[in-house]
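Participant: Counted the way the numbering used here counts, the sequence shown spans residues 4 to 174. Where is the CB? At the ideal position from N, CA and C, for every residue including glycine. The structure presented is a predicted model; accordingly, all values stated were derived computationally and were not measured.
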Amino acid sequence: MGFRGKKYTNYQTITDAAGENHRLSVPKTKYWPERIEPNVTKEALDAIKEVVREALPELMPLGIAGCRNCWYIDSLDNNFVIDRVPGDEGMMVCSGGSGHGFKFLPMLGREVMKIIEEPDNKNEYGKLWQWRTKSEGPRNGLEDGEHGERVLAKQRMATKADWKFDERARL
Numbered sequence: 004m005g006f007r008g009k010k011y012t013n014y015q016t017i018t019d020a021a022g023e024n025h026r027l028s029v030p031k032t033k034y035w036p037e038r039i040e041p042n043v044t045k046e047a048l049d050a051i052k053e054v055v056r057e058a059l060p061e062l063m064p065l066g067i068a069g070c071r072n073c074w075y076i077d078s079l080d081n082n083f084v085i086d087r088v089p090g091d092e093g094m095m096v097c098s099g100g101s102g103h104g105f106k107f108l109p110m111l112g113r114e115v116m117k118i119i120e121e122p123d124n125k126n127e128y129g130k131l132w133q134w135r136t137k138s139e140g141p142r143n144g145l146e147d148g149e150h151g152e153r154v155l156a157k158q159r160m161a162t163k164a165d166w167k168f169d170e171r172a173r174l
């Protein structure tokens with residue numbers, strides 16, 4: 004089961020190949036940046052438990068054996084970014100999509116090829132997915148960066164005790 008109610012960020016200082024430091028949000032998973040057993044937020048765990056409690060109460064006695072975070076490659080407006088990088092026409096970015104790119108697979112490759120092969124003749128997808136800055140268009144809260152409410156370090160994390168179900172009413 005998954006909780007997709009909030010897009011968390013995890014800012015760290017990353018040094019690029021030129022030796023310059025940048026503050027970027029990076030995934031924090033079971034295997035990266037180091038092998039750890041990650042935790043999830045209490046908010047996410049409570050949402051998952053509520054679904055189990057209401058829709059699958061027969062699973063409550065089994066409890067929760069473990070939890071992991073699923074990191075997305077969200078763009079600031081939840082749309083793909085499929086375009087050449089400004090100032091470097093030899094580099095192309097195909098990313099974003101707010102974690103729901105799989106449902107576009109039947110047509111995504113075809114549209115990416117059109118964008119690659121005809122960069123000056125952008126169709127409706129090419130225009131929607133073109134390079135943009137965080138000051139343009141709709142936003143989803145990720146543009147708040149390290150000062151926003153989505154920073155993982157600012158969240159209340161679940162404890163092992165939180166994984167247990169209480170005996171509230173069942174269906």
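Please report the distance separating the alpha-carbon of T18 from that of N24.
Facilitator: Locating residue 18 in the sequence shown gives position 15, counting from the first residue. Locating residue 24 in the sequence shown gives position 21, counting from the first residue. So the two alpha carbons sit approximately 4 angstroms from each other.
Participant: For I37, report the span of its beta strand (DSSP E) as first-last.
Facilitator: In the sequence shown, the residue the question calls residue 37 occupies position 34. Rather than Ile, the amino acid found at residue 37 in this sequence is Glu. From DSSP, E37 is part of no beta strand (DSSP E); its letter is neither H nor E.
Participant: If you run the structure through DSSP and keep just helix, strand and coil, what is F107?
Facilitator: Against the sequence shown, residue 107 aligns to sequence position 104. Of the three classes helix, strand and coil, the one that applies to F107 here is helix, per DSSP.
Participant: How long is the line joining the alpha carbons of E37 and K31, rounded to whole angstroms?
Facilitator: Working through the sequence shown from its first residue, we reach residue 37 at position 34. Working through the sequence shown from its first residue, we reach residue 31 at position 28. Their backbone Cα atoms lie some 9 angstroms apart in a straight line.
Participant: Is P122 near the ligand FMN, in the sense that its beta carbon is under 7 angstroms from a heavy atom of that ligand?
Facilitator: Ligands displayed in this structure: none; no statement on the ligand FMN is therefore possible.
Participant: I'd like the list of long-range same chain contacts for K167, defined as Cβ closer than 7 angstroms, with 5 residues on each side in sequence excluded.
Facilitator: Here residue 167 corresponds to residue number 164 of the sequence shown, with the count starting at 1. Here the set comprises G66.
Participant: May I ask you to list the residues that DSSP assigns as paired with V88?
Facilitator: As a working note, residue 88 is residue 85 in the sequence shown. Answer is D91.
Participant: Measure the C-alpha to C-alpha separation of V43 and C73 and round it to an integer number of angstroms.
Facilitator: Stepping through the sequence shown from its first residue, residue 43 is reached at position 40. Stepping through the sequence shown from its first residue, residue 73 is reached at position 70. Going from the Cα of V43 to the Cα of C73 covers about 10 angstroms.
Participant: What does a CB cutoff of less than 7 angstroms around G114 pick up in its chain, not counting 5 residues either side in sequence?
Facilitator: Taking the sequence shown and counting its residues from 1, the one referred to as residue 114 is at position 111. Per the sequence shown, residue 114 should be read as Glu rather than Gly. For E114, where only same-chain residues beyond five positions count, the Cβ hits under 7 angstroms are Y128.
Participant: Helix or strand or just coil, what does DSSP make of L27?
Facilitator: The residue labelled residue 27 in the question sits at position 24 within the sequence shown. Looking at L27 - three-state DSSP - the assignment turns out to be strand.
Participant: Here's a check: name, in chain order, each residue in its chain whose Cβ is nearer than 7 angstroms to the Cβ of A50, leaving out the five neighbours to either side.
Facilitator: Locating residue 50 in the sequence shown gives position 47, counting from the first residue. Answer for A50: F6 and G8, listed in chain order.
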